[in-house]
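Peer 1: Here's a structure for you.
Protein chains in written order, with the working numbering: chain A, 586 to 696; chain B, 72 to 182.
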C-alpha cells in the first residue's frame, strides 16, 4: 500500500528550463511534506518542505506547491542546472515522527 | 560540520553470517532511524528510537534488531542475513519534528 507515489521514474530537462516533479499521497492525515535530493553514493539531503496550512513555499530556485484537495504536491526548479541532476524523493508525515517516502524520480538536466 | 556518519560504507557478508552496521551523529538529535532501501524503491523504515524508546515497524523482520547505547550511536544488527536483505541501509537523525538528516548509507551485499 503505497501512501506516497511518484509516478514518473525519470525526467529529462534542458538546462535553464523548468523542472516539475510530482508527488501524490493517499493519507489525509499527512500534514507535512518534504522533498529530499540524493546524489549517487550519498544519503538523501533535505531540500524544501511545506506544511499543510500553506499551499506554496519558495526557497531560491525551488518552490513546492501543495494541493490538499487533490492530495498532490509538486516541486518546481527554475532555472534547472546540471548540478540539479539527482534522485528526488517526496516524503510525508502525520502526527508521528515518521516519514513515508515515495520511490523517487531521477532528474537529468542536460547542458 | 555536524553530521550523520555510517560505517562501513560497503559491507559484504555471507548468507547467514551475522552483520552489524553502525551509525553515529554529532547533531545531538534525540530521534534516530534505520531505513532499508532497495534499488528504485522508496526508503522503508525499519525502526526508530525516540531517545531510548525503541519503536519497531510492524513489518520489520525479526532478523533485524537495533541497539542505541547512547544519544550519539545506533547499531543495526542482522542476525542471519538472507539474499533478500541485500540493500542500502540508511541511518537518519532528527529532533523529533520532521526534517531528518541522513547519513551516506551502507550498501550491504550478501553472498
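Glycine residues also receive a C-beta, built at the ideal position from the N, C-alpha and C atoms.
Report back the beta-carbon spacing between residue 609 (chain A) and residue 590 (chain A) to the nearest angstrom; my notes put them in contact at under 8 Å.
Peer 2: Stepping through the first chain from its first residue, residue 609 (chain A) is reached at position 24. Stepping through the first chain from its first residue, residue 590 (chain A) is reached at position 5. Confirmed, Cβ separation roughly 5 Å.
Peer 1: Do residue 182 (chain B) and residue 147 (chain B) count as a contact pair if the criterion is CB distance below 8 Å?
Peer 2: Taking the second chain and counting its residues from 1, the one referred to as residue 147 (chain B) is at position 76. Taking the second chain and counting its residues from 1, the one referred to as residue 182 (chain B) is at position 111. No, the Cβ-Cβ distance between residue 147 (chain B) and residue 182 (chain B) is not below 8 Å.
Peer 1: Just the chain A side, please: which residues come within less than 7 Å of residue 92 (chain B) by C-beta, in chain order?
Peer 2: For this step, residue 92 (chain B) is matched to residue 21 along the second chain. Under the 7 Å cutoff, chain A gives no residues; its nearest Cβ is about 13 Å from residue 92 (chain B).
Peer 1: Among residues of its own chain, excluding the 5 on either side of residue 666 (chain A), which ones have a beta-carbon nearer than 7 Å to its beta-carbon?
Peer 2: By 1-based counting over the first chain, the position of residue 666 (chain A) is 81. Around residue 666 (chain A): 600, 694.
Peer 1: Verify the CB distance criterion: does residue 628 (chain A) have a CB-CB separation below 8 Å to chain B?
Peer 2: The sequence position of residue 628 (chain A) within the first chain is 43, counting from 1. Yes, contact with chain B.
Peer 1: If the cut-off is 7 Å on Cβ atoms, which residues from the stretch 142 to 163 of chain B count as contacting chain A, listed in chain order?
Peer 2: 161
Peer 1: With DSSP as the reference, label residue 154 (chain B) as helix, strand or coil.
Peer 2: Along the second chain, read from residue 1 onward, the residue named residue 154 (chain B) stands at position 83. Three-state DSSP puts residue 154 (chain B) in a helix.
Peer 1: Going by alpha carbons, who is nearest to residue 679 (chain A) out of A:637, A:598, A:626?
Peer 2: The sequence position of residue 679 (chain A) within the first chain is 94, counting from 1. Nearest C-alpha to residue 679 (chain A): A:637.
Peer 1: If you measure from the beta carbon of residue 617 (chain A) to each beta carbon in chain B, is any gap under 8 Å?
Peer 2: In the first chain, the residue the question calls residue 617 (chain A) occupies position 32. Interface residue, yes.
Peer 1: Let me confirm a value: residue 135 (chain B) is counted as buried when at least 16 other C-beta atoms fall within 10 Å, else exposed. Which label applies?
Peer 2: Taking the second chain and counting its residues from 1, the one referred to as residue 135 (chain B) is at position 64. Per the 10 Å Cβ criterion, buried.
Peer 1: So the candidates are A:644, A:625, A:639, A:640; which of them puts its Cα closest to the Cα of residue 632 (chain A)?
Peer 2: Indexing the first chain from 1 puts residue 632 (chain A) at position 47. Comparing Cα-Cα distances from residue 632 (chain A) to each of A:644, A:625, A:639, A:640, the minimum goes to A:644.
Peer 1: For the stretch 649 to 683 of chain A, which residues have a beta carbon sitting closer than 8 Å to at least one beta carbon of chain B?
Peer 2: 674, 678, 682, 683
Peer 1: If you run the structure through DSSP and keep just helix, strand and coil, what is residue 609 (chain A)?
Peer 2: Translated into positions along the first chain, residue 609 (chain A) becomes position 24. Three-state DSSP puts residue 609 (chain A) in a strand.
Peer 1: By the 7 Å beta-carbon criterion, what residues does the stretch 100 to 115 of chain B contribute toward chain A?
Peer 2: Going along the stretch 100 to 115 of chain B in chain order, one finds 102, 111, 112, 113, 114 with a Cβ nearer than 7 Å to chain A.
Peer 1: How many angstroms separate the CA atom of residue 615 (chain A) from the CA atom of residue 640 (chain A)?
Peer 2: Position 30 of the first chain, counted from the start, is the residue given in the question as residue 615 (chain A). Position 55 of the first chain, counted from the start, is the residue given in the question as residue 640 (chain A). Rounded to the nearest angstrom, the two C-alpha atoms are 14 Å apart.
Peer 1: Just checking my contact of residue 671 (chain A) with residue 686 (chain A) at CB under 8 Å: how many whole Å lie between their CB atoms?
Peer 2: The count along the first chain starts at 1 and reaches residue 671 (chain A) at position 86. The count along the first chain starts at 1 and reaches residue 686 (chain A) at position 101. In fact, because the Cβ distance is near 15 Å, the residues do not count as touching under 8 Å.
Peer 1: For residue 111 (chain B), which residues does DSSP report across the bridge?
Peer 2: Start at 1 with the first residue of the second chain, and residue 111 (chain B) comes out as number 40. DSSP lists no partner for residue 111 (chain B).
Peer 1: If you measure from the beta carbon of residue 127 (chain B) to each beta carbon in chain C, is any gap under 8 Å?
Peer 2: No chain C appears in this structure, whose protein chains are A and B.
Peer 1: For residue 623 (chain A), report the span of its beta strand (DSSP E) as first-last.
Peer 2: On the first chain, position 38 is the one that residue 623 (chain A) refers to. Looking at the DSSP string, the run of the beta strand (DSSP E) that includes residue 623 (chain A) is 617 to 623.
Peer 1: Would residue 659 (chain A) pass as a contact of residue 647 (chain A) if the rule is Cβ separation under 8 Å?
Peer 2: As a working note, residue 659 (chain A) is residue 74 in the first chain. As a working note, residue 647 (chain A) is residue 62 in the first chain. No, they are not a contact pair.
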